[in-house]
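In the numbering used here, the protein residues as written are 9 to 123.
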């Protein structure tokens, strides 16, 4: 499982039409190697169990202009189970948010140092 940025490219009009809804994407993106080969043995998605869809819900607070593509923006999304609407447990972003929540429950706060 890779922690790299994956997603869909949409036109602005299409994105705005879907911003309040959820965009579907295959769970294949969570079970593929960096070379694009389907990995095996993942609970979420595999050759044995099939590749279901999940829903992406854009975090509009994460919008960033892309300077290399005029008029384009990047929106980080949170994946959710298509059936239950629960956050997708294996998503690196979901895992990080859960860890931050656990720290907050312990009255702790994560810090990041950038050079």
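From the three backbone atoms N, C-alpha and C, an ideal C-beta is built for every residue, glycine too. For clarity, every value in this text was computed on a predicted model and none was experimentally measured.
*Considering only C-alpha positions, which residue in the set 64, 36, 85 and 44 is nearest to residue 163?*
Coverage of the chain is limited to positions 9 through 123, which leaves residue 163 absent and any answer about it impossible.
*Within the same chain, show all residues whose beta-carbon is closer than 7 Å to that of residue 72, passing over the 5 residues directly before and after it, in chain order.*
The answer, listed in chain order, is 81 and 82.
*Spatial neighbours of residue 76 in its chain, beta-carbon cut-off 6 Å, leaving aside the 5 residues before and after*: Taken in chain order, the list of residues that qualify is empty.
*Confirm, please, whether the CB-CB distance from residue 63 to residue 88 is below 9 Å.*
Yes, they are a contact pair.
*asked:* Could you compute how far the alpha carbon of residue 60 sits from the alpha carbon of residue 20?
replied: Their Cα atoms are separated by approximately 26 Å.
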